[in-house]
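Under my numbering, the first residue of the sequence shown carries the number 118, and numbering increases by one thereafter. By construction, the Cβ of each residue, glycine as well, lies at the ideal position given by its N, Cα and C atoms. None of these values were measured; they are calculated from a predicted model.
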Amino acid sequence: MAVMEATLPRRIISTPTAGPLGALLLACVFFAVNSDQFLTGGNFSLIIQQVMVVGTLAIGQTLIILTAGIDLSNGAIMAFGGIVMTKLAVGSGLPPLLAVAAGLAVCAAFGLANGLLVTKISLPPFIVTLGMLNVVFALTHIYSEDQTVTDLPPALTFLGQTFKLGETNVTYGSLLTILLFLFFAYVLGQTAWGRHVYALGNSQEVARLTGIRTQRLTISVYTIAGLVYGIAALLLVSRTGVGDPQAGQTDNLDSITAVVLGGTSLFGGRGLVIGTLIGALIVGVFRNGLQLMGVPSIYQTLITGILVILAVTVDQLSRRRTR
């Protein structure tokens, strides 16, 4: 019994999310000491609103990175999905729900295309998604004619509306983002599909030899990730109130940042989607806290870059220890 009690703290500390959670708490303490506005319900609600789009993108990115892949096209896919939803609803007069469904389907189709190229032609995920980024970026500007879509119907902006939680206004989009994280945490931790994703990331060959249909699994991961990017597109549209062809240009890197800071290994097979939520919050807390302190935005970018390098260094060192 004493041995079990002694090993429990070690097991907690060794979990992938322990370090990121500690960093998040330390950051909160630091900014609470240096800014009277930080520890308020309204400010925390604002932080969640600021990270909900990138956080949702990072869910799909987590799925792909767990398979030892990477997706550089997710921000561009999200932007195209947002343009499809808004142009169909405003320009074509399609019912808003059907416009949203079309946007989600288009994003899932791009995810499917990524998965097919990675599996059927055996192209590296980096190259496939880099190429897809340029393809989708161009299609977004061609289809939108470089025009921002405005005057959206209320159904497309509903998730940007707020409800009261105590004295704090919380957006429905923030609630949806948290529910998505909980859903995928359950899927990855409690289903056979989730266990197969981890197995694929650890070793594709071993996974194949154990009977996992690795190609079909990889395609499903990229397709589901694409669908999640579509949900991120809806969240973006609801938050900004427009369909913006310029959106998402750096969100691919921001989503990777959230995943890495959350303790997920870039080498695949290790990490938790809840860690990605913590990683997104770390970025949001640092940017919000530094802004409240009056620190120029360029230093926010500098600190974020340093945090990413530290996170990858820790991951690399931990991998060497376990070999």
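Residue 198 is a Cβ neighbour of residue 223, given a cutoff of 8 angstroms. Per DSSP, the continuous alpha helix (DSSP H) segment holding residue 393 begins and ends at 390-409. DSSP lists 280 as the beta-bridge partner residues of residue 287.
Under DSSP, residue 266 forms a beta bridge with 360. A straight-line Cα-Cα distance of about 46 angstroms links residue 139 and residue 207. Put simply, of 211, 219, 426 the residue whose alpha carbon is nearest the alpha carbon of residue 375 is 426. Contact check for residue 184 and residue 317: beta-carbon distance about 5 angstroms, within the 8 angstroms limit, so the pair qualifies. Taking a contact as a CB-CB distance under 8 angstroms, the pair residue 178 and residue 423 does not count as one, their CB atoms being some 21 angstroms apart.
Under the three-state reduction of DSSP output, residue 412 falls in the coil class, being neither helix nor strand.
Straight-line measurement puts the Cα of residue 173 at about 6 angstroms from the Cα of residue 294. Per DSSP, the unbroken alpha helix (DSSP H) holding residue 372 starts and ends at 368-378. Here the alpha carbons of residue 408 and residue 152 stand approximately 10 angstroms from one another. In the three-state scheme derived from DSSP, where H, G and I count as helix and E and B as strand, residue 137 is classed as helix. Considering only 191, 162, 262, 218, the residue with the shortest C-alpha distance to residue 247 is 191.
For the set 396, 416, 428, 433, the Cα lying nearest the Cα of residue 165 is the one of 396. Under the DSSP assignment, residue 312 falls in the alpha helix (DSSP H) whose first and last residues are 309-319. Between the beta-carbon of residue 255 and that of residue 347 there is about 19 angstroms, and that puts the pair past the 8 angstroms contact cut.
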